[in-house]
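Encoded as structure tokens, the structure appears first; notes follow it.
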Amino acid sequence: MKNVLNNFKAATNEMVKKVCLAVLTIVVSVIMLGSISSQASSKVNNYIANHNISHNQVSSKIWGGFPHYKYRHGKNKPEGVVIHETGNANSTIFDEIAYMKKNYRNAFVHTFIDDDHIINIASTKYLCWGVGYPGNARFVQFEQVEIHSKRSFSGEVENAAYYTAHILKTYHLKPNDACYDGKGTVWSHGAVAHYLGGSDHTNPVGYYKNRGKKYFHQAYTMAQFYKLVLTNYHNL
């Protein structure tokens, strides 16, 4: 009888382990599927498509005061695009441009974007000073001004995605999301800081998350933005 009880306990324990393992596998699968689904289906991107929100054209307003230094592989040879946001909730695109011209010795980017403008102020043939070493010598960089409405945010990210695709096409670069592995042509400032160093900034991740939740009840992510870049790239 004792042996029977011991065998029964052993069998029961083994069965419990198998059940727990099966439950754990199901839970992990559900979490992964939910994550994949949230990345693939973006309420922001769907809103842009469903409301026919189109991008603005690039406006060239190059200022002659910016320095001209070559990228690490030479003039006209950037290796990708870095997406920034200003972190200033109360400024306009024209305020930001004016400030940067006055303070370019500390930092400057090539282009500023909001929902109505894509204003290129520094030649993308040469590097800018937006992410520190070594990223400055590699990437075209642009800033997004903080926006305060659902439609305006949608228009801004559409402009940003178009401009990213436009730069990739201009310099014959293939789209490749660098934010998850540090290898590619489309970078957030946060990804540059994480993988290459030179900065401790994380933008525009927090800004995207905040505006996505505020206006669409779903955090907007760099992965979803990259999908929008691909759409624009293939439409060019």
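Here UniProt numbering is used: the first residue of the sequence shown is 1, the next is one more, and so on. Here a beta-carbon is modelled for each residue, glycine too, at the ideal position from N, C-alpha and C. This structure is a prediction, so every number in the text was calculated from the model and none was measured.
Whole-angstrom distance between residue j and residue i, CA atom to CA atom
| i | j | result |
| --- | --- | --- |
| residue 186 | residue 173 | 10 Å |
| residue 206 | residue 190 | 10 Å |
| residue 238 | residue 145 | No information on residue 238 is available, as it lies outside the stretch 1 to 236 that the chain covers here. |
| residue 93 | residue 117 | 8 Å |
| residue 203 | residue 179 | 12 Å |
| residue 43 | residue 151 | 12 Å |
| residue 153 | residue 72 | 34 Å |
| residue 121 | residue 50 | 32 Å |
| residue 194 | residue 64 | 32 Å |
| residue 184 | residue 226 | 12 Å |
| residue 96 | residue 182 | 29 Å |
| residue 149 | residue 209 | 14 Å |
| residue 48 | residue 112 | 20 Å |
| residue 266 | residue 78 | Given a span of 1 to 236 for the chain in the structure shown, any question on residue 266 remains unanswerable. |
| residue 230 | residue 103 | 34 Å |
| residue 215 | residue 236 | 28 Å |
| residue 101 | residue 175 | 30 Å |
| residue 91 | residue 234 | 33 Å |
| residue 156 | residue 147 | 8 Å |
| residue 139 | residue 228 | 20 Å |
| residue 74 | residue 98 | 29 Å |
| residue 128 | residue 70 | 9 Å |
| residue 130 | residue 188 | 11 Å |
6 Å CB neighbourhood of residue i in its chain, flanking five on each side removed
| i | result |
| --- | --- |
| residue 59 | 119 |
| residue 232 | 161, 162, 165 |
| residue 114 | 93, 145, 156 |
Close beta carbons around residue i, own chain, < 8 Å, minus the five adjacent residues each side
| i | result |
| --- | --- |
| residue 218 | 38, 42, 43, 44, 212 |
| residue 76 | 125, 171 |
| residue 123 | 62, 66, 68, 110 |
| residue 177 | 184, 186, 222, 223, 226 |
For residue j and residue i, believed in contact at Cβ under 8 Å, the rounded distance
| i | j | result |
| --- | --- | --- |
| residue 158 | residue 53 | 5 Å |
| residue 192 | residue 82 | 6 Å |
Own chain, CB closer than 7 Å to residue i, minus 5 neighbours either side, in chain order
| i | result |
| --- | --- |
| residue 224 | 39, 42, 44, 45 |
| residue 56 | 116, 117, 118, 159 |
Cβ contact (3+ pairs, closer than 8 Å) linking the segment 193-200 and the segment 100-116:
No: fewer than three Cβ pairs fall under 8 Å.
If you scan the segment 77-104 from start to end, which runs of the alpha helix (DSSP H) of 4 or more residues do you find wholly inside it?
Entirely contained in the segment 77-104, the alpha helix (DSSP H) runs reaching 4 residues are, in chain order, 93-102.
The segment 74-90 contacting the segment 141-159, beta-carbon criterion three pairs below 8 Å
Because the criterion of three Cβ pairs below 8 Å is met, the segment 74-90 and the segment 141-159 touch.
Should the segment 125-136 be called in touch with the segment 163-177, which here means at least 3 C-beta pairs below 8 Å?
No, because fewer than three Cβ pairs between the segment 125-136 and the segment 163-177 fall closer than 8 Å, the two stretches do not touch.
Beta strand (DSSP E) runs wholly inside the segment 99-156, at least 3 long, in chain order
DSSP runs (the beta strand (DSSP E)) wholly in the segment 99-156: 111-113, 118-120, 139-144.
Ordered list of alpha helix (DSSP H) runs contained in the segment 161-202, each at least 4 residues
Listed in chain order, they are 189-195.
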